[in-house]
Amino acid sequence: NTFLLAKGMKIGKSLAEPDLVETAQKIVAAADKAGCTIVLPYDVVIADSLKEGAVTSTVPADAVPADKMILDVGPRSIAAIENWIDKAATLVWNGPLGAFEIKPFDRATVEVARHAAERTRKGGLLSVAGGGETVAALNHAGAADGFSFVSTAGGAFLEWLEGKALPGVEVLRA
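Residue numbering for the sequence shown follows my numbering, starting at 1448 and increasing by one per position.
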């Protein structure tokens, strides 16, 4: 949602980190400069509140009413994400696609996780996932065992990807 804000979209009552909008804009600019694509949702699932059985609707990502919350990505976005996964050799996953703990807001996370796990099992994808919430989401989807590498370390996982020295690993090397 913070990246949607950074692109100037209205996100209604959705959770976001407004203090990180400038950082998100810098990330988008750096990705553009490097020829990388950041996949943002085309459509989103919205509701009045985050509760099981809430009345939902799917709207374009740039048409979220002020009184609604984005709680998942929609079917068009799921298809686009799966298409990008099909083109990829490596997937690095950090964070669920929606509020996966509550149905029906788990749909995108479950479908995409299962798709990635299946591609990995067939040998077409190196899939790496990190972070406690990510691991919980993959377990919820029944897909964690299908990933190449899964780590509960969220921040440390991302620092490792950046090539930073990890204190615990450095102690073991000494």
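For every residue, glycine included, the Cβ atom is placed at its ideal position computed from N, Cα and C.
Rounded to whole angstroms, what's the CA-CA distance from residue i to residue j? Just pull it up for me.
{"i": "residue 1462", "j": "residue 1450", "result": "12 Å"}
{"i": "residue 1619", "j": "residue 1612", "result": "12 Å"}
{"i": "residue 1585", "j": "residue 1542", "result": "10 Å"}
{"i": "residue 1530", "j": "residue 1602", "result": "28 Å"}
{"i": "residue 1545", "j": "residue 1578", "result": "15 Å"}
{"i": "residue 1556", "j": "residue 1488", "result": "13 Å"}
{"i": "residue 1563", "j": "residue 1574", "result": "7 Å"}
{"i": "residue 1538", "j": "residue 1495", "result": "33 Å"}
When the Cα of residue i is compared with those of the options, which residue comes out closest?
{"i": "residue 1513", "options": "1458, 1529, 1563 and 1586", "result": "1458"}
{"i": "residue 1497", "options": "1507, 1519 and 1511", "result": "1519"}
Under a three-way DSSP split, which group does residue i fall into?
{"i": "residue 1468", "result": "helix"}
{"i": "residue 1576", "result": "strand"}
{"i": "residue 1451", "result": "helix"}
{"i": "residue 1622", "result": "Here the chain comprises residues numbered 1448 to 1621, so residue 1622 is not present and cannot be evaluated."}
Where does the unbroken beta strand (DSSP E) through residue i begin, and where does it stop?
{"i": "residue 1537", "result": "1537 to 1540"}
Over what stretch of residues does the alpha helix (DSSP H) that includes residue i continue unbroken?
{"i": "residue 1615", "result": "1614 to 1620"}
{"i": "residue 1556", "result": "1554 to 1568"}
Which runs of the alpha helix (DSSP H) fall wholly inside the stretch 1464 to 1530 and span at least 4 residues, in chain order? You should have 1468 to 1481.
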